[in-house]
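Numbering (the working numbering), first residue to last: 9 to 163. What follows is a single structure, written as structure tokens, with notes after it.
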Amino acid sequence: MEDKILKLLTIIMRMTQSIKDVLNQDVKNYKLNITEFGVLEYLYHQGPNYTQVISNKLLMPKSSMSYVILTLSKKKYIDIKKEEDDQRKHLISLTSIGHVVIEKAFETHKKKIEKIFDVIDENVKDDLKETLKKIGYHAKDLVSSWHTFIKTKRV
């Protein structure tokens with residue numbers, strides 16, 4: 009049983025890396041890296057938001073997000089507005105240039121993603137989605153319970 013689980017984990021990790029490779033290669037066509045693309049895509053679909061919110065949604069450290077925001081600003085793809093009452097808060101929004109870039113890029117990017125998953129039918133996609141969510145939530149619970157266990161042992 010143990011070997012089966014280790015092989016499954018290896019397959020999942022290799023699959024994930026292969027998908028990342030395809031997506032990274034695709035976004036390079038737009039002279040973006042995957043994190044820059046992620047920020048533009050977030051703003052395209054969700055609208056303007058604060059740096060901290062975007063950072064949390066994209067699971068990026070704030071320091072990395074600050075660099076990405078600065079880079080996108082230099083490319084004139086986003087606007088950064090500081091809050092008057094709190095200069096530490098920055099509202100990020102797409103510029104018209106950024107909107108055009110991500111609108112065009114996202115359509116072809118979406119087709120690339122669809123092509124990755126063309127090898128399985130819709131029922132398998134639905135089952136896979138639910139199974140992966142179940143594993144992900146379970147793993148998250150294990151991390152939470154481990155942290156709780158460690159905290160109680162320190163006392």
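Where is the CB? At the ideal position from N, CA and C, for every residue including glycine.
Check the C-beta distance from residue i over to residue j and give it rounded, since I have them as a contact under 8 Å.
i: Tyr85; j: Leu48; result: 6 Å
i: Phe45; j: Ala113; result: 7 Å
i: Ser101; j: Pro56; result: 4 Å
i: Ile77; j: Thr59; result: 6 Å
i: Tyr52; j: Glu111; result: 7 Å
i: His117; j: Asp29; result: Their Cβ separation, rounded to whole angstroms, is 14 Å, which puts His117 and Asp29 out of contact at 8 Å.
Ignore the nearest five residues each way along the sequence and tell me which others in residue i's own chain have a CB closer than 8 Å to its CB.
i: Asp94; result: none
i: Phe125; result: Lys133
Assuming residue i is part of the beta strand (DSSP E), what are its boundary residues?
i: Ile86; result: Ile86 to Lys90
i: Leu99; result: His98 to Leu102
Which stretch, first to last residue, makes up the alpha helix (DSSP H) that contains residue i?
i: Lys16; result: Sequence check: residue 16 is Leu here, not Lys. Leu16 -> alpha helix (DSSP H) spans Glu10 to Lys36.
i: Ile128; result: Ile128 -> no alpha helix (DSSP H), and no H or E assigned at all.
i: Lys48; result: A small correction: the amino acid at residue 48 is Leu; Lys does not occupy that position in the sequence shown. Run containing Leu48: Ile42 to Gln54, per the alpha helix (DSSP H) assignment.
i: Leu78; result: Lys70 to Lys82
i: Gln60; result: Thr59 to Lys65
For residue i, collect the residues of the same chain with a Cβ closer than 6 Å to its Cβ; drop the 5 residues on either side in sequence, then sort them by chain order.
i: Lys89; result: Leu99
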